[in-house]
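*Asks:* For our numbering, add 77 to where a residue sits in the first sequence, where the first one is 1. Cβ coordinates follow ideal geometry from the N, Cα and C atoms, glycine included. Please read these numbers as outputs of a predicted model, since none were measured by experiment.
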Amino acid sequence: MPELPEVETVARSVDARVRGDRIVQACFSSHRELFKTPPAEQANGLEGRRFISVHRTGKHIVCELGSGRQIDAQWIVHLGMTGRLLVTRPDVPLAPHTHVRLTLASGRELRFVDPRRFGRLEFRNLSCVSGFAGPGAEPLAIGRGEFAALFRGRRLAIKAALLNQTLLAGVGNIYADESLFRAGIRPRRRAGRLTRAELERLRQALRQILRQAIRLGGSSVSDYVDADGERGFFQLKHCVYLRTGEPCRRCGTPIRRILVAGRGTHFCPRCQH
DNA sequence: CATTTCACCTGGTGGC
DNA sequence: TGCCACCAGGTGAAAT
78 MPELPEVETV ARSVDARVRG DRIVQACFSS HRELFKTPPA EQANGLEGRR
128 FISVHRTGKH IVCELGSGRQ IDAQWIVHLG MTGRLLVTRP DVPLAPHTHV
178 RLTLASGREL RFVDPRRFGR LEFRNLSCVS GFAGPGAEPL AIGRGEFAAL
228 FRGRRLAIKA ALLNQTLLAG VGNIYADESL FRAGIRPRRR AGRLTRAELE
278 RLRQALRQIL RQAIRLGGSS VSDYVDADGE RGFFQLKHCV YLRTGEPCRR
328 CGTPIRRILV AGRGTHFCPR CQH
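#1: Which residues mark the beginning and the end of the beta strand (DSSP E) in which Arg-133 is found?
#2: Within 8 Å, do at least three Cβ pairs link the segment 327–343 to the segment 194–203?
#3: Among all the DSSP beta bridges, which residues are the ones paired with Pro-331?
#4: Quick one: what's got a C-beta closer than 8 Å to Leu-240's C-beta in the same chain, skipping five residues either side?
#5: With DSSP run on the structure shown, which of helix, strand or coil describes Ile-153?
#6: Contact check, Leu-279 vs Ser-256 under 8 Å by CB: the rounded distance?
#7: Considering only C-alpha positions, which residue in the set Cys-140, Thr-165, Phe-112 and Glu-275 is nearest to Ala-88?
#8: What would DSSP say about Ile-148, mapped onto helix, strand or coil?
#9: Taking the CB atoms as reference points, tell me whether Met-158 and Arg-127 lie closer together than 7 Å.
#10: Which residue comes first and which comes last in the beta strand (DSSP E) that contains Ile-138?
#11: Beta strand (DSSP E) containing Gly-341: first to last residue?
#12: How close, in whole Å, do the beta carbons of Arg-263 and His-350 come, if the pair is a contact with beta carbons under 8 Å?
#13: Using a 10 Å radius around the Cβ and a threshold of 16 neighbouring Cβ atoms, would you call Lys-236 buried or exposed?
#14: What residues match up with Thr-175 in a beta bridge as DSSP calls it?
#15: Could you give the residue range of the beta strand (DSSP E) that holds Leu-198?
#16: Beta-carbon separation of Gln-312 and Ser-299 under 7 Å?
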């Protein structure tokens, strides 16, 4: 489900609800594939610590934790396709596929729910390991020259390059398609063949779209919600994503769907070159 | 090395 | 109503 704007929205809403709160008890499910750190070790590390802050890096939610005032551990949550982090009252019935419950000193619960189990959870004790650092560049912070350099000499499709998290962190299928539409670039163009002007159009398109999507709370295509259960509204602004056969909002030509890098890819054959 | 394909999961939808 | 094929916001391992 979640790409940069959705993860940013979730991180902000979780931060607003749990900052300063202490974890009293941690309950983990037995689906081991979810846990990069063994669940018992995570529960052990979480219990007794306080949320100092929660923020986003790429598609990862990073919870900075402390036993006292200092940050001494991190809990890192990747939502995969269908993961949700929810802060609820404890009497709210458990959703199916709830894999983690953190009981907080305030009496509320932080819950991790993930039907497809593509999410990943990791605990890092900073006295043993370094802090989390994702590999890719932040699309909202990267400059023109650095952005262009990411794609230089690459023969793969520009859409596949946008999805590669080690190049840019946070862009997924929705925002790759939407930014390529806004920049007027076909998704199958070879990344290394884009002109300097096209690359700069793409960088600007990405910035504008990601910022607007964050303002609107992300895209709720089927089930995405933030920590308060609120849906986003950017899906109302989609120009191509999941609009196969519908008229292009700019020129009226039916939107086409193809496969690129194994992912459904949507574009306007008239507006994109 | 760079790039492509596929497996990992559940659930929703639409056709017959 | 049921059954089936196909699709879905992601990623990392294996193959090429």
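*Replies:* On the basis of the supplied data:
#1: Locating residue 133 in the first sequence gives position 56, where the first residue counts as 1. Residues 127–134.
#2: no
#3: Numbered from 1 along the first sequence, position 254 holds the residue referred to as residue 331. Looking at the DSSP assignment, Pro-331 forms a beta bridge with Pro-324.
#4: For the purposes of this step, residue 240 is taken as the residue at position 163 of the first sequence. Counting only Cβ-Cβ distances below 8 Å, and skipping sequence neighbours, we find Val-248, Gly-249, Asn-250, Ala-253, Ala-338 and Arg-340.
#5: For the purposes of this step, residue 153 is taken as residue 76 along the first sequence, with counting starting at 1. In this structure, Ile-153 counts as strand in the three-state DSSP scheme.
#6: Here the question's residue 279 lines up with position 202 in the first sequence. Here the question's residue 256 lines up with position 179 in the first sequence. Confirmed, about 6 Å.
#7: Start at 1 with the first residue of the first sequence, and residue 88 comes out as number 11. Residue Cys-140 is the option with its Cα nearest to Ala-88.
#8: Position 71 of the first sequence holds residue 148. In the structure shown, Ile-148 sits in coil (DSSP, three-state: anything other than H, G, I, E or B).
#9: As a working mapping, residue 158 is identified with position 81 in the first sequence. As a working mapping, residue 127 is identified with position 50 in the first sequence. Against a cut-off of 7 Å, the Cβ pair of Arg-127 and Met-158 comes out as no contact.
#10: For the purposes of this step, residue 138 is identified with residue 61 of the first sequence, where counting begins at 1. Where Ile-138 is concerned, the enclosing beta strand (DSSP E) stretches over 137–143.
#11: By 1-based counting over the first sequence, the position of residue 341 is 264. That run of the beta strand (DSSP E) goes 340–344.
#12: Against the first sequence, residue 263 aligns to sequence position 186. Against the first sequence, residue 350 aligns to sequence position 273. Contact holds; Cβ gap of about 6 Å.
#13: Taking the first sequence and counting its residues from 1, the one referred to as residue 236 is at position 159. Buried, by the Cβ-count rule.
#14: Looking up residue 175 in the first sequence gives position 98. In the DSSP output, where bridge partners are listed per residue, Thr-175 has Val-190.
#15: Taking the first sequence and counting its residues from 1, the one referred to as residue 198 is at position 121. It spans 197–202 - the beta strand (DSSP E) in which Leu-198 sits, taken as one unbroken run.
#16: As a position in the first sequence, residue 312 is number 235, starting the count at 1. As a position in the first sequence, residue 299 is number 222, starting the count at 1. Against a cut-off of 7 Å, the Cβ pair of Ser-299 and Gln-312 comes out as no contact.
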